[in-house]
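In the UniProt record's numbering, the protein residues as written are 1 to 237. What follows is a set of notes on a single structure, which appears directly below.
This is the structure:
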């Protein structure tokens, strides 16, 4: 457990991502914060956005070190590990050799970029993100929220695209869904759909070209207990 300023503590949780064949494909490492004035849980995205540069560096370094301690698990099982970063963290990765070395030494790490990353949807993209994509494997998160247009995929090279859960819930049964997925696959062949909460939702995506699925149907575990992840089949009976 990592202690930050303002008597806030955090722990790292893994949300599993499965292939549509039910094989564990990757985990997304999320940071859960508790403390502050209320002493309860804090909304991760909002809290991280309020951190100063030093605190973000401490957080990013701690996340990467915790992930690297599970290197044997990731390599033995051929599983990827995605980690969300914002623009400030992206700069740290490009400029801080200690941070970048951890990522380069742990080849299973993937950097997850939100669709809300500055200028990601503009024709010329984001210079920082363009440089990052030349060195590291990137995943695009939250596709379909507010800023979706195909420029997001044209601007940078993404290994995987994660479809936002609300977009899936609203459009997953639409007659336009296959065409939308086909358009995305012109620029990124590996699509991961978030928001899978039922076995029927999971089955609806099998044999459709979707690469992976993620959601409450597949329980999260603490990073320290990642070895306890269950096969997807146990959630689909």
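Just so you know, even glycine gets a beta-carbon here, dropped at the ideal spot from N, CA and C. Small disclaimer: the values here were computed from a predicted structure and weren't measured.
For residue 126, the three-state DSSP class (helix, strand or coil): Under the three-state reduction of DSSP output, residue 126 falls in the coil class, being neither helix nor strand.
Contiguous alpha helix (DSSP H) assignments of at least 4 residues, all confined to the segment 13-91: You should have 44-50, 53-68, 71-77.
Residue 8 (DSSP reduced to helix, strand or coil): Correct three-state label for residue 8: strand.
Cα-Cα separation between residue 187 and residue 153, rounded to whole angstroms: Cα to Cα, residue 187 sits roughly 6 Å from residue 153.
Minimum C-alpha distance to residue 253 - residue among 109, 137, 142, 98: The requested residue 253 does not occur in the structure, where the chain is confined to residues 1 to 237.
Supposed close pair residue 141, residue 115 - CB separation, criterion 8 Å: Rounded to whole angstroms, the Cβ separation of residue 141 and residue 115 is 7 Å, and the two are in contact under 8 Å.
Bridge partners - residue 190, DSSP secondary structure assignment: For residue 190, which the question treats as bridged, DSSP gives the partners 160.
Beta-carbon contacts of residue 180 that lie in its chain and below 6 Å, excluding the five residues immediately before and after: Excluding positions up to five away in sequence, the list is empty.
Residue 3 to residue 165 span [Cα, whole Å]: Residue placement at residue 3 cannot be trusted, given a pLDDT of 49 that sits under 50; what the coordinates show is reported in the next sentence. Cα to Cα, the separation comes out at about 31 Å.
Bridge-paired residues (DSSP) for residue 211: Answer is none; residue 211 lacks a bridge partner.
N-terminal and C-terminal residue of the beta strand (DSSP E) that residue 114 is part of: It spans 109-114 - the beta strand (DSSP E) in which residue 114 sits, taken as one unbroken run.
Check: residue 85 C-beta below 7 Å from any heavy atom of the ligand MN: In the structure shown, the ligand MN is absent, as is every other ligand, since no ligand is present at all.
Residue 195 versus residue 111 - alpha carbon distance: Linking residue 195 to residue 111 through their CA atoms gives a straight-line distance of about 20 Å.
Three-state class that DSSP yields for residue 222 in the structure shown: In the structure shown, residue 222 falls within a strand segment according to DSSP collapsed to helix, strand and coil.
Terminal residues of the alpha helix (DSSP H) in which residue 101 lies: 97-105 is the extent of the alpha helix (DSSP H) around residue 101.
Residues of its chain near residue 210, where Cβ-Cβ distance is below 6 Å and the 5 sequence neighbours each way are ignored: Setting aside the 5 residues that flank it on each side, residue 210 is surrounded in the same chain by 20, 191, 193, each with a C-beta closer than 6 Å to its C-beta; the list follows chain order.
Option nearest residue 228 by Cα separation, candidates 32, 95, 8, 13: The closest CA to that of residue 228, considering only 32, 95, 8, 13, is found on 13.
Between the CA atoms of residue 225 and residue 82 - distance to the nearest angstrom: Residue 82 and residue 225: Cα-Cα distance of roughly 17 Å.
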